[in-house]
Amino acid sequence: MGSRLQHTPASGAELTIELGVIARNYQFLRQKSGPATCGAAVKADAYGTGIAQVAPVLAKAGCEVFFVATINEGIELRQILGNVTIYVLNGLMPGSEESFADFNLRPVLNSLEQIDAWAFFARSRNTQASPAAIHFDTGMNRLGLSLSEARALVATPDRAASFDVTLAMSHLTSADDATSAMNAQQQKLFGRLLNDFNQSRPERSRVPGSLANSAGILLGAEYHFHLVRPGVALYGGNPLASGDNPMKPVIRLKARILQLRDVEAGDSVGYSGTYTAPSRRRVATLDVGYADGYLRSFSNQGQAYIDDWAVPVIGRISMDMLAIDVTDVPSALLGAGASVDLLGGPVTLDAASRTSGLSAYELLTLLGHRYKRHYVAPEP
Ligand SMILES: *Cc1c(COP(=O)(O)O)cnc(C)c1O
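For the sequence shown, my numbering assigns the number 4 to the initial residue and increments by one for each residue that follows.
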């Protein structure tokens, strides 16, 4: 990404990413989940925040186990961090075995077929290493061994005897809602499967378990097992669907005013005239649009800030621009180049989620690469 930034002028929109806050959020989650080990989900470019900058900060904060979605993400992360454990959640695609081994990546085996393929590969390499995780599906119905596959594995443990099973995992569907009955149901089922699987194996090759994402950590100790896998909370997203966000905000996106104009009552603003001025209004055009991740769902809904002044987004979001109503803002704060908070700062991710209908996950992973990114290093 670095090379893309070199020619970005200093006067445009700017995204600030507080790496020190990511480290603090990690420490908070680690403390909540102790004595379990705290890993980190860094898929999708560390949820849009930039894996090249974020992963070393997490490693320095003590994180030794990382989760990515794809093998390409795993290869990218391996080039950033040489010595950490990297699990690839999407699993083992046929023919990718060599790449996993070459880059010291661990596949999360999602079916008996993948287990058999990895076992065959491990035997052919003639080494007991070839570490991998096994994923039991406990209700997500997305990835992982089905219940009947899990039972078949427990009945034939030799299938996984030619390689190191370093982790057994499952994933919660509804951890962001502590009142959901799914949580306890999945926790019990995973606990049983983990226990049965371990009982089927020799004592010396017992496998640690992992169930909790960010929200799962907050559900309590019985959800932690041996390793937790927070993602969104590290980057400042609220792990809970409702209630105050216990995490500290990491990102702040500021746009710049490109131009000001006054419109008369009855004038419309933007494509398709979805906003009509009810009276004479002052309108500022900003240098961020949907191509920067500020999607059309903010049209006539978003709320921005100039200093302490709340300013509504008016009209439809364009590709490269959007408009706000600055009628009530003192002129001294306006002018070409004046900066406007769009995300983060006074516009919490929770608030932006409410106005746009997008989740914090979406808002983060949509963060653009066209504006300047400013990484604030942790305090030494
Ligand atoms: C993305 C992901 C996580 C992290 O989830 P968050 O809700 O972002 O904390 C953990 N486990 C799996 C399997 C995932 O796909």
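Each residue gets a CB set at the ideal place from its N, CA and C atoms; glycine is no exception.
CA-to-CA distance, Leu289 to Glu17, given in whole angstroms: 12 Å
Residues of its chain near Asn201, where Cβ-Cβ distance is below 7 Å and the 5 sequence neighbours each way are ignored: Arg209, Val210
Nonlocal neighbours in the same chain, by C-beta distance under 6 Å from Gln9, ignoring five residues either side: Residue confidence for Gln9 is low, a pLDDT of 49 falling below 50, so the modelled location carries little weight and cannot support an answer.
Coil, strand or helix - Pro59 by DSSP: helix
Nearest-angstrom Cα separation, counted from Glu100 out to Met4: With a pLDDT of 42 at Met4, under the threshold of 50, the modelled position of this residue cannot be trusted; read the value that follows with caution. If I take the Cα positions, the gap works out to 28 Å.
Met185 in three-state terms, based on DSSP: helix
Gly65 (DSSP reduced to helix, strand or coil): coil
Segment limits, beta strand (DSSP E) that includes Gln304: That residue, Gln304, is in no beta strand (DSSP E); it is neither H nor E in DSSP.
Close Cβ partners of Ser275 (< 7 Å) along its chain, the five nearest in sequence each way excluded: Arg319
C-alpha distance - Ser6 paired with Ser14, whole-angstrom precision: With a pLDDT of 46 at Ser6, under the threshold of 50, the modelled position of this residue cannot be trusted; read the value that follows with caution. Using only the alpha carbons, I get a separation of about 18 Å.
According to DSSP, residues forming a beta bridge with Phe139: Leu148
Alpha-carbon to alpha-carbon, Asn241 and Leu345: 18 Å
Strand pairing of Ser342, partner residues [DSSP]: Arg259
Distance, Tyr90 Cα to Ser173 Cα: 13 Å
Residue range of the unbroken alpha helix (DSSP H) whose run includes Glu365: 363 to 368
Option nearest Leu337 by Cα separation, candidates Gln262, Ser183, Thr169: Gln262
Rounded separation between His229 and Gln306 - CA only: 42 Å
Residue environment, Gly246, which counts as buried when at least 16 other CB atoms sit within 10 Å: exposed
Residue ranges of each alpha helix (DSSP H) within the stretch 150 to 179, 4 or longer: 150 to 158
Sequence-distant residues of its chain with Cβ nearer than 6 Å to Thr11 (five each side left out): Low local confidence applies: a pLDDT of 45 at Thr11 is under 50, so the model's placement there is unreliable, and no value is given.
Boundaries (first-last residue) of the beta strand (DSSP E) holding Glu17: 17 to 21
Buried versus exposed call for Gly65 [16 or more other C-beta atoms within 10 Å across all chains shown]: exposed
Pair within 8 Å by beta-carbon distance, Asn438 and Gly94: Beyond the ends of the chain as shown, which are 4 and 383, falls residue 438; an answer cannot be given.
Rounded straight-line distance, which links the Cα of Asn198 to that of Glu206: 12 Å
Helix, strand or coil at Gly276 [DSSP, three-state]: helix
Contacts around Asp270, its chain only, beta-carbon distance under 6 Å, and the 5 residues preceding and following it disregarded: Ala280
Contact between the stretch 350 to 369 and the stretch 290 to 301 (3+ Cβ pairs under 8 Å): yes
First and last residue of the uninterrupted alpha helix (DSSP H) at Lys375: Looking at the DSSP string, Lys375 is not in any alpha helix (DSSP H); the run it does join, the beta strand (DSSP E), is 375 to 379.
Closer than 7 Å: Asn216 CB and nearest ligand 1 heavy atom: yes
Beta strand (DSSP E) runs wholly inside the stretch 189 to 218, at least 3 long, in chain order: none
Whole-number beta carbon distance between Val24 and Lys251, since they are thought to touch under 8 Å: 5 Å
Rounded straight-line distance, which links the Cα of Leu92 to that of Gly98: 16 Å
Within 8 Å, strictly: CB atoms of Pro381 and Val60: yes
Expected contact under 8 Å - CB spacing of Val316 and Leu325 to nearest Å: 6 Å
Cβ-heavy atom distance, Ala392 to ligand 1, below 7 Å: Nothing about residue 392 can be read from this structure; the chain reaches only from 4 to 383.
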